[in-house]
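Inspection log for the structure reproduced underneath, given as structure tokens.
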Amino acid sequence: MSTEGDFDAKRLVELFGELDEEFRSDPDTSGPQHIAIAGGAAVSLTISGHRRTADVDVVSEGMSASLRRAVALVAERRNLRSDWINDGAKLKIVAVEPELERVFSGSFLPLP
Numbered sequence: 266m267s268t269e270g271d272f273d274a275k276r277l278v279e280l281f282g283e284l285d286e287e288f289r290s291d292p293d294t295s296g297p298q299h300i301a302i303a304g305g306a307a308v309s310l311t312i313s314g315h316r317r318t319a320d321v322d323v324v325s326e327g328m329s330a331s332l333r334r335a336v337a338l339v340a341e342r343r344n345l346r347s348d349w350i351n352d353g354a355k356l357k358i359v360a361v362e363p364e365l366e367r368v369f370s371g372s373f374l375p376l377p
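Written out as structure tokens, the structure reads:
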């Protein structure tokens, strides 16, 4: 099982690629899945260095059923925690206009 601090930028990009592939094979996915991430994952992906994070915090509209299914499939295949991507952080976010930066570009999962 993956433990805290297991995700660096390189690993996150690999896992996002796997999520993108899951969307490609999901008949319920009708187009791009736009999500915004924050916290350690956002820092790891946007600032050079070796920042590691325990999870990926989704702070956009939440997680669609398609995203939850894809996350579960990748978690099972890679032996990750089931909540390696989660929307728990949205409860702690104040209403501010974010400055979004694209950190991954897939066919179905452009972030953001």
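So the number in the working numbering is just where the residue sits in the sequence shown, counting from 1, plus 265. Where a beta carbon is used, it is the ideal one built from N, C-alpha and C, also for glycine.
Quiz item: If we ignore side chains and look at the alpha-carbon of each, how far apart do residue 305 and residue 369 end up?
Solution: 15 Å
Exercise. Drop a sphere of 10 angstroms on the beta-carbon of residue 274, count the other beta-carbons inside from all chains shown, and report buried for 16 or more, exposed for fewer.
Key: buried
Quiz item: Hey, quick one: how far does the alpha helix (DSSP H) through residue 271 stretch, first residue to last?
Solution: Taken as a continuous stretch (DSSP letters only), residue 271 belongs to no alpha helix (DSSP H), as it is neither H nor E.
Exercise. Return the residue from the list 373, 372, 343, 271 that minimises the CA-CA distance to residue 317.
Key: 271
Self-check item: Beta-carbon contacts of residue 331 that lie in its chain and below 7 Å, excluding the five residues immediately before and after
Solution: 288, 291, 293, 294, 298
Quiz prompt | Inter-residue Cα distance where the pair is residue 296 and residue 283 | solution = 16 Å
Quiz item: By a C-beta neighbour count over all protein chains shown, 10 Å radius and 16 as the cutoff for buried, is residue 309 buried or exposed?
Solution: buried
Exercise. Buried or exposed for residue 345, please, with buried defined as at least 16 other CB atoms from any protein chain shown within 10 angstroms of its CB.
Key: buried
Exercise. Using alpha carbons as the reference points, say which of 338, 350, 343 lies closest to residue 325.
Key: 350
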